[in-house]
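Student: Please read through the structure below; I'll follow up with questions.
There are 2 protein chains.
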Amino acid sequence: MDEAEALAGFGAMAQETRLRIVRLLVMAGRDGLPAGDISAAMEVSPSNASFHLKELERAGLVVARRESRSILYAADFEALSGLIRFLMEDCCSGRPEICAPALATAAACCAPKSAASAP
Amino acid sequence: MDEAEALAGFGAMAQETRLRIVRLLVMAGRDGLPAGDISAAMEVSPSNASFHLKELERAGLVVARRESRSILYAADFEALSGLIRFLMEDCCSGRPEICAPALATAAACCAPKSAASAP
DNA sequence: TCCATATTTCAACAATCCTTGAATCATTGA
DNA sequence: TCAATGATTCAAGGATTGTTGAAATATGGA
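Note that the protein sequences, when read in sequence, are chains B and Z.
Residue numbers for the first sequence follow my numbering, beginning at 1436 and rising by one.
Residue numbers for the second sequence follow my numbering, beginning at 1436 and rising by one.
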């Protein structure tokens, strides 16, 4: 993840509807959701949802695929992960006080698969 | 960190000059840097730097203090940390595959267990 | 084929954001 | 007090972004 990608990523997350769409899609998992369901859940017009979904796609945060009549959008988990990593690598820069608290959050929400080192 | 703060934070980071200022200030540490030095380092006019610094301040990512004739800007490490945490809590939502890689990054740059004392 | 469904595209307009340079404010030292 | 320094504010303009509704495209079934 280079600076340009990170800028696009932050820009995509800096809009209420889009931030909420990302959250919805993360919860929806790898299968994603049809554009219509997203538009309904966000309570915005299909055309507005389409605009923001395209923006998220352009930023590389979601991917689209057609399935019959629907177009399914799914979060790109790698890209989201990359965005977090960019923020950490960049902002850490020898300053553990920034990402140490984030580490605690991660530990609380993600159970490390391999080494279950619970406190 | 609520949604509104996160939106402001992402918005602030979604601009090249501001993203670079944040990086510079993180590296500069808690003492921060005078506006003039920042403007010179970014190679933008003092007025332009001032505009972006104010934007970063409004988003809560940096803090300003006057010291003699200079105004020193410093990164707000807690806010940056909060932004990472928001991204993780929000985007993790039961999906370790997102923040597990980020955990690895953090582990590489921050001492995992000991919450770090400044060198 | 024709129709209904699911979604996107487009143009027009509104709103917001960025840049620029001139004017202004605050602080210090002579 | 005056001049110099460091920084901010402001207005104007251009550029980008978001919203809307109507029209267009793609798909599947009768």
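Virtual Cβ for every residue (Gly too), placed ideally from N, Cα, C.
All values reported here derive from a predicted model rather than from experimental measurement.
1. Rounded to whole angstroms, what's the CA-CA distance from Z/V1457 to Z/M1448? Just pull it up for me.
2. Does the segment 1500-1515 of chain Z come into contact with the segment 1524-1537 of chain Z, if we say contact requires no fewer than three beta-carbon pairs (one atom in each stretch) closer than 8 angstroms?
3. DSSP on Z/L1507, reduced to helix/strand/coil?
4. Which residues, in order along the segment 1476-1487 of chain B, keep a beta-carbon less than 9 angstroms from a beta-carbon of chain Z?
5. Check whether the Cβ atoms of B/Q1450 and Z/L1442 sit closer than 9 angstroms, and answer yes or no.
6. For a cutoff of 9 angstroms on Cβ pairs, would you count B/V1461 as touching chain Z?
7. According to DSSP, is Z/R1453 helix, strand or coil?
8. For Z/A1550, decide whether its Cβ has a neighbour in chain B, counting only Cβ atoms nearer than 9 angstroms.
9. Measuring CB atoms only, is the segment 1475-1487 of chain B touching the segment 1495-1505 of chain Z, in the sense that at least three cross pairs come out at less than 8 angstroms?
10. Hey, how far is the Cα of B/A1537 from the Cα of B/E1478?
11. Counting only beta-carbon separations shorter than 9 angstroms, does B/A1553 have a partner in chain Z?
12. What number of angstroms, rounded off, separates the C-alpha of B/A1541 from the C-alpha of Z/D1472?
13. Identify the continuous beta strand (DSSP E) that holds Z/A1499 and give its terminal residues.
14. From which residue to which residue does the alpha helix (DSSP H) around B/E1478 run?
15. Going by DSSP, what residue range makes up the alpha helix (DSSP H) through B/G1467?
16. Let me make sure I understand the geometry here. Which of Z/A1475, Z/A1543, Z/M1462, Z/L1515 has the alpha-carbon closest to that of Z/E1492?
17. Z/I1519 versus chain B: which residues are under 7 angstroms apart at the beta carbon?
18. Quick check on B/M1448: does DSSP put it in helix, strand or coil?
19. Tell me which residues of the segment 1442-1454 of chain Z have at least one Cβ-Cβ distance to chain B shorter than 7 angstroms, keeping chain order.
Tutor: Short version:
1. Numbered from its first residue, the second sequence carries residue 1457 of chain Z at position 22. Numbered from its first residue, the second sequence carries residue 1448 of chain Z at position 13. If I take the Cα positions, the gap works out to 8 angstroms.
2. no
3. Walking along the second sequence from the start, residue 1507 of chain Z turns up at place 72. If DSSP states are grouped into helix, strand and coil, Z/L1507 belongs with the strands.
4. none
5. Within the first sequence, residue 1450 of chain B is the residue found at index 15, counting from 1. Within the second sequence, residue 1442 of chain Z is the residue found at index 7, counting from 1. Yes; because the gap between Cβ atoms is below 9 angstroms, this pair is in contact.
6. Stepping through the first sequence from its first residue, residue 1461 of chain B is reached at position 26. Cβ-Cβ to chain Z under 9 angstroms: yes for B/V1461.
7. In the second sequence, the residue the question calls residue 1453 of chain Z occupies position 18. Correct three-state label for Z/R1453: helix.
8. Position 115 of the second sequence, counting from 1, holds the residue named residue 1550 of chain Z. Because the pLDDT at Z/A1550 is just 41, under 50, the model does not fix this residue reliably, and the value given afterwards should be weighed accordingly. Taking Cβ atoms only, chain B reaches closer than 9 angstroms to Z/A1550, which makes this a yes.
9. no
10. Residue 1537 of chain B sits at position 102 when you count from the first residue of the first sequence. Residue 1478 of chain B sits at position 43 when you count from the first residue of the first sequence. Computed Cα separation, rounded: 32 angstroms.
11. Mapped onto the first sequence, residue 1553 of chain B falls at position 118. Bear in mind that a pLDDT of 37 at B/A1553, under 50, signals an unreliable position, so the model cannot answer this.
12. Numbered from its first residue, the first sequence carries residue 1541 of chain B at position 106. Numbered from its first residue, the second sequence carries residue 1472 of chain Z at position 37. Cα to Cα, B/A1541 sits roughly 36 angstroms from Z/D1472.
13. To locate residue 1499 of chain Z, count along the second sequence from 1; it is residue 64. From DSSP, the beta strand (DSSP E) with Z/A1499 extends over 1497-1502.
14. On the first sequence, position 43 is the one that residue 1478 of chain B refers to. B/E1478 -> no alpha helix (DSSP H), and no H or E assigned at all.
15. Translated into positions along the first sequence, residue 1467 of chain B becomes position 32. Careful: B/G1467 lies outside any alpha helix (DSSP H) and carries neither H nor E.
16. Taking the second sequence and counting its residues from 1, one reaches residue 1492 of chain Z at position 57. Looking at the Cα atoms, Z/L1515 is the closest of the given residues.
17. On the second sequence, residue 1519 of chain Z is found 84 positions in, with the first residue counted as 1. Within 7 angstroms Cβ-Cβ: I1519, L1522, M1523, C1534, A1537.
18. The residue labelled residue 1448 of chain B in the question sits at position 13 within the first sequence. DSSP, read as helix, strand or coil, puts B/M1448 in helix.
19. For the segment 1442-1454 of chain Z, the residues whose beta carbon sits under 7 angstroms from a beta carbon of chain B are, in order, L1442, F1445, G1446, M1448, A1449, E1451, L1454.
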